[in-house]
Amino acid sequence: MSSNHPVAPAAETPHSPTPPAGAVAPTPAEQRKVLGASFVGTAIEWYDFFIYGSAAALIFGPQFFPSEDPITGTLSAFATFAVGFIARPIGGLLAGHFGDQIGRKKMLLITMLVMGGATVGIGLLPNFATIGVWAPILLVVLRFVQGLGVGGEWGGAVLMAVEYAPRNRRALFGAFPQMGLPVGIIVSNLVFIIVTATLAPEAFEAWGWRVPFLVSALLIIVALYLRFKVEDSPVFQQTQENDEVHRFPLGELLRHHGGTTLLAGLASAASPAIGYLYSVYMLSYGTEALGLPQPTMLWLIVGGAVVHLVTVLLGAMLADRFRQKSVFVAGAALVVLGAFPFFWLVDTAQPVLILLGFAVLLVAQSLMAGPQAALVAELFPANIRYSGASTAYQIGSIVGGGFAPLIATSLYASFGASWPISLYILALGALALVTILPLRTGRFDASWESSR
Numbered sequence: 018m019s020s021n022h023p024v025a026p027a028a029e030t031p032h033s034p035t036p037p038a039g040a041v042a043p044t045p046a047e048q049r050k051v052l053g054a055s056f057v058g059t060a061i062e063w064y065d066f067f068i069y070g071s072a073a074a075l076i077f078g079p080q081f082f083p084s085e086d087p088i089t090g091t092l093s094a095f096a097t098f099a100v101g102f103i104a105r106p107i108g109g110l111l112a113g114h115f116g117d118q119i120g121r122k123k124m125l126l127i128t129m130l131v132m133g134g135a136t137v138g139i140g141l142l143p144n145f146a147t148i149g150v151w152a153p154i155l156l157v158v159l160r161f162v163q164g165l166g167v168g169g170e171w172g173g174a175v176l177m178a179v180e181y182a183p184r185n186r187r188a189l190f191g192a193f194p195q196m197g198l199p200v201g202i203i204v205s206n207l208v209f210i211i212v213t214a215t216l217a218p219e220a221f222e223a224w225g226w227r228v229p230f231l232v233s234a235l236l237i238i239v240a241l242y243l244r245f246k247v248e249d250s251p252v253f254q255q256t257q258e259n260d261e262v263h264r265f266p267l268g269e270l271l272r273h274h275g276g277t278t279l280l281a282g283l284a285s286a287a288s289p290a291i292g293y294l295y296s297v298y299m300l301s302y303g304t305e306a307l308g309l310p311q312p313t314m315l316w317l318i319v320g321g322a323v324v325h326l327v328t329v330l331l332g333a334m335l336a337d338r339f340r341q342k343s344v345f346v347a348g349a350a351l352v353v354l355g356a357f358p359f360f361w362l363v364d365t366a367q368p369v370l371i372l373l374g375f376a377v378l379l380v381a382q383s384l385m386a387g388p389q390a391a392l393v394a395e396l397f398p399a400n401i402r403y404s405g406a407s408t409a410y411q412i413g414s415i416v417g418g419g420f421a422p423l424i425a426t427s428l429y430a431s432f433g434a435s436w437p438i439s440l441y442i443l444a445l446g447a448l449a450l451v452t453i454l455p456l457r458t459g460r461f462d463a464s465w466e467s468s469r
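Now the structure itself:
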């Protein structure tokens, strides 16, 4: 059943850490263990997700969608990339429902196994030349399963980190799973750099592209080991002890927090869209439109991810120092201002200026991504928080994330210029601004009680 005791709104100002009523505050050692498990596990999940994006840009066209027109093959490959984002809300809803019922930890273990199994399956999948039309069909199925896994991952990893955090460091703790994303980009691109540099093009096309997918099997074992060692969130444990677990948390979410969920989802769209435009589409754009070598673009994406890694942490620290919503709004405004300068710099085809363009847009994105985890989590009471955070984030991934490379590719193919893509980025930033402003953030106090 749910608690119906009202809780007075709380301001987003730092206070001393306060555990849930009746709960024992986690020790610093326990907090470090949770942060490590959240960071490493999320990084591996994003590694799995992003190696698909790199492969879609580099090799999946001829392997699974052979066509006389390279752009048609690339569009088909990016379309399967987007399939993962169709599955992500489903994964988020399922994981949210069961995560609010049986716990964050159990769902994180399940999502890790689902994601890892699908990734290894892609690495073993025969191509079109071997099994014909079944190759792209099975690729789409496995990509869908990947989407289910990563769809449930974000909410659980974020809540494990944020619900272990002292109140004045929630954004910082929530940023650790967020930092897993640029680390996943860095590692996935480094693996592709190594494989493409050490193998002849014929060997890479024949079997080398499979190596990054098969490496995932070892990484998953590491992540599972780390996650087995942590206890579930003290907030969820207290919810269980107080008999506040909902039988149908999604129904409770939609009845009482539907508008909040929708606004939070739309506000969350710009951040993933920018991430995928930079990490996936830019690899294709740089090699095909600008004529730059693949290794150059891979290294530039790695460099941008390093910038992202540092600035996400900075965005979280600023959010804990000031207000989460204020920092998020600043990031959205910078996206609007930086949309056209980004492509002005990229279109010079000069690596240094391309990296500067990446930095401009990624700093703006990081000011949103840094506070995003804590900001979204604090919108919902504890007994529906997994459902609320996952649903909101996955709405954002559908609206802004998965289709961004496909939309950008289509815009460039239609207009033969980058300015429509800049306009698309500007619109995403404006959407974030319009939808974040009405949200009543910071409504739940430091006890994280499951009250409405």
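Per my numbering, the very first residue in the sequence shown carries number 18; after that it's consecutive. By construction, the Cβ of each residue, glycine as well, lies at the ideal position given by its N, Cα and C atoms.
Between the region 194-206 and the region 167-184 there are three or more C-beta pairs closer than 8 angstroms, enough to call the two in contact. By the CB criterion at 9 angstroms, THR59 and ALA281 fall outside the cutoff. The alpha carbon of TYR69 has as its nearest neighbour, out of LEU300, LYS50 and GLY275, the alpha carbon of LEU300.
Counted as a single uninterrupted DSSP element, the alpha helix (DSSP H) harbouring SER427 occupies residues 421-432. Residue range 151-180 is occupied by the alpha helix (DSSP H) that includes VAL157.
Contact between the region 74-81 and the region 221-228 is present, with at least three C-beta pairs closer than 8 angstroms. If you ignore the 5 residues before and after LEU216, its C-beta comes within less than 7 angstroms of the C-beta of GLY225, all in its own chain and listed in chain order.
By the criterion of a C-beta distance shorter than 7 angstroms, GLN163 is surrounded in its chain by ASP65, PHE66, TYR69, GLY101, MET132, ALA135 and THR136, once the five residues flanking it on both sides are discounted.
Its chain contains HIS114 and SER404 as the residues whose beta carbon lies nearer than 6 angstroms to that of LEU267, once the 5 sequence neighbours on both sides are disregarded; these appear in chain order.
Look at PHE253 here: in three-state DSSP terms it is helix. Excluding sequence positions up to five before and after LEU384, its CB lies within less than 6 angstroms of the CB of GLY332, VAL344, ALA347 and GLY348, all in the same chain and listed in chain order. When secondary structure is reduced to three states using DSSP, GLU258 falls in the helix class. For ARG338, the enclosing alpha helix (DSSP H) stretches over residues 311-338. Pairing VAL239 with VAL51, the inter-Cα distance amounts to about 14 angstroms. Remark: C-beta atoms of ALA391 and ALA182 approach each other more closely than 9 angstroms. Taken in chain order, the whole alpha helix (DSSP H) runs of length 4 or more contained in the region 183-260 are 187-215, 218-223, 228-245 and 251-258. When the Cα atoms are used, GLN389 and ILE424 turn out to be separated by approximately 24 angstroms. At the C-beta level, GLY417 and LEU448 come within 9 angstroms of one another. Residue state for ILE76 is assigned as coil, using DSSP reduced to three classes.
CA-to-CA, the gap between ALA376 and ILE202 works out to about 15 angstroms.
In the three-state DSSP reduction, GLN367 falls in the coil class, being neither helix nor strand. One thing to note: GLY169 has its Cβ no nearer than 9 angstroms to the Cβ of GLY120.
With contact defined as three or more Cβ pairs closer than 8 angstroms, the region 295-314 and the region 424-437 are in contact.
Taking a cut-off of 8 angstroms for Cβ pairs, the region 289-300 and the region 144-159 do not touch, as fewer than three such pairs fall below it. Contact fails between the region 397-415 and the region 320-329, because fewer than three Cβ pairs, one in each stretch, are under 8 angstroms apart. CA-CA distance, SER407 to VAL167, rounds to 10 angstroms. Counting along the chain, VAL451 sits inside the alpha helix (DSSP H) bounded by residues 436-453. Just measuring C-alpha positions, the residue of THR44, LEU270, LEU456 and THR458 sitting nearest VAL247 is THR44. In the structure shown, PRO83 adopts coil according to DSSP, grouped into three states. Straight across, the Cα-Cα distance linking ARG340 with ARG187 is about 11 angstroms.
ILE210 and PRO310 have their alpha carbons spaced roughly 12 angstroms apart. Annotation: the continuous alpha helix (DSSP H) that includes ILE139 extends over 121-141. Listed in chain order, the non-local C-beta contacts of GLY446 below 6 angstroms within the same chain comprise ALA287, ALA349, VAL352 and VAL353, local neighbours out to five positions each way being set aside. Linking TRP361 to MET314 through their CA atoms gives a straight-line distance of about 17 angstroms.
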